[in-house]
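What follows is a single structure, written as structure tokens, with notes after it.
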Amino acid sequence: MAKITFPPMGHYSPAFATLLRELGHEVILPNPPTKETLSLGTLYGPEFACLPLKICLGSYVESLERGAEVIVTSGGVGPCRAGLYGTVQREILKSLGYRFEMIVLEPPRRHPLELLKALHRLDAFRRAPWQLVNTAFKTWEMIKALDRLERELHRIRPREAEKGSAEAVYKRGCRAIGAQDTVAGIRKAAEEALADMRRVPLDPSCDPIKIGIVGEIYVLLEPAANLKIEKTLGELGAEVDRSIFLTGWTRENVVREGDNQTAREAAYPYLCEMIGGHGQDTVGHTVMYARQGYDGVIQLAPFTCIPEIVAKGVLPSVSRDLDIPIISFFLDEQTGEAGFRTRLEAFVDLLVRRREQRRLAG
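Structure, rendered in structure tokens:
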């Protein structure tokens with residue numbers, strides 16, 4: 113049995129931990145990233161590496177100090193640098209004197225054999241294939257449950273009568289779902305959490321604007337990377353829809369179905385090439401949000417992210433053609449929370465006034 117850890121990524125830690133425990137390991141849960149975590153990653157990482165590398169590197173240092181012996185991380189393909197970060201992080205950590213093993217899970221559609229080999233290495237019990245399928249299915253159910261609950265949080269938060277009540281229900285629900293060890297238990301906990309969320313008292317006078325959030329996957333999913341933008345927007349009275357959830361990413365990369373294929377089709381008039389990362393999806397989802405009547409779109413990306421820089425160059429044409437306001441944020445360790453919130457407040461105010469003017473114009 114190895115002491116094993118993994119990168120922090122939003123609310124998914126309980127699901128990843130369940131998978132690794134079922135495979136026979138002691139899990140060192142990554143702590144929620146803090147400023148100290150980012151400081152460690154910035155200290156040891158390359159200066160122009162993107163924010164996800166620095167956050168994850170800092171988290172690995174913290175987990176190794178707590179006794180982790182194995183790090184499980186993701187790989188990647190294409191022009192995006194993220195596929196190389198596992199190798200870079202391993203060499204940095206070993207140069208610092210840490211002794212550990214790193215297992216990189218490659219995208220299943222492009223490197224199925226490498227993924228199967230990695231999973232075989234992770235299975236401490238060497239169980240039958242059908243048992244591994246059951247473990248994977250349980251993890252999948254937990255991921256789906258967590259995503260459903262978060263989507264409901266995004267809907268309720270701007271409408272709640274008492275600020276913070278939906279967030280409290282959401283956190284309790286995540287803990288309840290993460291504590292389950294059967295598929296039936298996960299489903300029951302999810303339904304109870306959703307029912308509790310729907311019982312949160314709402315402000316009947318609230319009429320939130322709708323904002324779509326697009327961009328690079330890690331910055332979208334990890335609140336420490338995006339300065340809790342969804343919480344901030346909800347408190348400002350905006351209902352948000354995030355273009356990437358892990359359920360959608362898994363369907364696209366494992367079973368070849370999901371919104372990303374539709375997004376790439378929507379992007380085609382503006383960006384017809386796969387440019388790496390989520391750049392093409394960013395453009396396509398922005399087009400889809402405009403067609404669905406959203407009030408505005410926010411693009412989030414790490415500073416120096418080439419795919420998102422290319423997408424940003426295309427988005428003004430989308431904004432002009434489809435008449436939808438778009439604002440882009442490129443984030444790194446220098447991004448200040450106060451200035452970030454000020455820009456969000458200004459963008460929300462702009463969208464509210466714009467909607468009122470349109471309603472008055474008939």
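Numbers 113 to 474, taken from the numbering used here, label the letters of the sequence shown in order. Just so you know, even glycine gets a beta-carbon here, dropped at the ideal spot from N, CA and C.
Reference residue i, options the options, closest by Cα
{"i": "G389", "options": "S429, G360, E328 and G349", "result": "E328"}
{"i": "I268", "options": "V216, P241 and K343", "result": "K343"}
{"i": "V331", "options": "M113, K115, P120 and A114", "result": "P120"}
{"i": "V182", "options": "P270, A278, C192 and Y210", "result": "Y210"}
{"i": "I410", "options": "Q392, S355, T362 and V312", "result": "S355"}
{"i": "E457", "options": "W242, L348 and S207", "result": "L348"}
{"i": "L234", "options": "A378, S317 and E138", "result": "E138"}
{"i": "N338", "options": "R470, V464, P164 and L141", "result": "P164"}
{"i": "R299", "options": "Q243, F249 and A194", "result": "F249"}
{"i": "K115", "options": "I215, P145 and G198", "result": "I215"}
{"i": "A278", "options": "L314, T251 and E304", "result": "L314"}
{"i": "D435", "options": "R470, C417, E445 and A450", "result": "R470"}
{"i": "I204", "options": "E134, K229, A194 and Y172", "result": "Y172"}
{"i": "R263", "options": "Q243, R310 and V422", "result": "R310"}
{"i": "V426", "options": "E159, E449, G396 and T454", "result": "G396"}
{"i": "E148", "options": "E468, I341, E445 and G451", "result": "E445"}
{"i": "P191", "options": "S317, G451, A180 and V422", "result": "V422"}
{"i": "P428", "options": "I418, S440 and S317", "result": "S440"}
{"i": "Y282", "options": "L208, H266, L231 and I418", "result": "H266"}
{"i": "N143", "options": "E159, A180 and L155", "result": "A180"}
{"i": "E383", "options": "G448, W361 and K424", "result": "The sequence given here has Leu at residue 383, not Glu. That would be K424, whose Cα lies nearest to the Cα of L383."}
{"i": "T251", "options": "K229, E274, D293 and W242", "result": "D293"}
{"i": "P381", "options": "W361, D433, C417 and K340", "result": "D433"}
{"i": "A375", "options": "K275, W361, M400 and K340", "result": "M400"}
{"i": "A194", "options": "K206, F212 and F160", "result": "F160"}
{"i": "I341", "options": "L463, T362, T454 and L231", "result": "T454"}
Cβ-Cβ distance between residue i and residue j below 8 Å
{"i": "I255", "j": "L132", "result": "no"}
{"i": "S186", "j": "G170", "result": "no"}
{"i": "P437", "j": "A350", "result": "no"}
{"i": "A302", "j": "A257", "result": "yes"}
{"i": "T117", "j": "S175", "result": "yes"}
{"i": "V245", "j": "L217", "result": "no"}
{"i": "C162", "j": "F415", "result": "yes"}
{"i": "A413", "j": "F442", "result": "yes"}
{"i": "T394", "j": "E420", "result": "yes"}
{"i": "V430", "j": "T398", "result": "yes"}
{"i": "Q392", "j": "A379", "result": "yes"}
{"i": "G122", "j": "E334", "result": "yes"}
{"i": "R178", "j": "I140", "result": "yes"}
{"i": "G198", "j": "P219", "result": "no"}
{"i": "E253", "j": "V295", "result": "yes"}
{"i": "L261", "j": "A305", "result": "yes"}
{"i": "V312", "j": "E272", "result": "yes"}
{"i": "G153", "j": "A236", "result": "no"}
{"i": "E478", "j": "T247", "result": "Given a span of 113 to 474 for the chain in the structure shown, any question on residue 478 remains unanswerable."}
{"i": "P145", "j": "A450", "result": "no"}
Those residues which DSSP pairs with residue i across a bridge
{"i": "K322", "result": "E351"}
{"i": "K115", "result": "E138"}
{"i": "L132", "result": "None; L132 has no bridge partner."}
{"i": "I439", "result": "I410"}
{"i": "I183", "result": "T117 and M214"}
{"i": "L314", "result": "E272"}
{"i": "G396", "result": "Paired residue(s): none; G396 is not in a bridge."}
{"i": "G327", "result": "L412"}
CB contact below 8 Å: residue i versus chain B
{"i": "R269", "result": "As a matter of chain content, chain B is missing from the structure shown, which is built from one protein chain."}
At least 3 beta-carbon pairs within less than 8 Å: the region 120–130 vs the region 275–291: yes
Segment contact, 8 Å Cβ cut-off, at least three pairs: the region 315–328 with the region 400–408: yes
Residue ranges of each alpha helix (DSSP H) within the region 268–309, 4 or longer: 277–290
Runs of alpha helix (DSSP H) lying entirely within the region 152–183, each at least 4 residues, in chain order: 163–177
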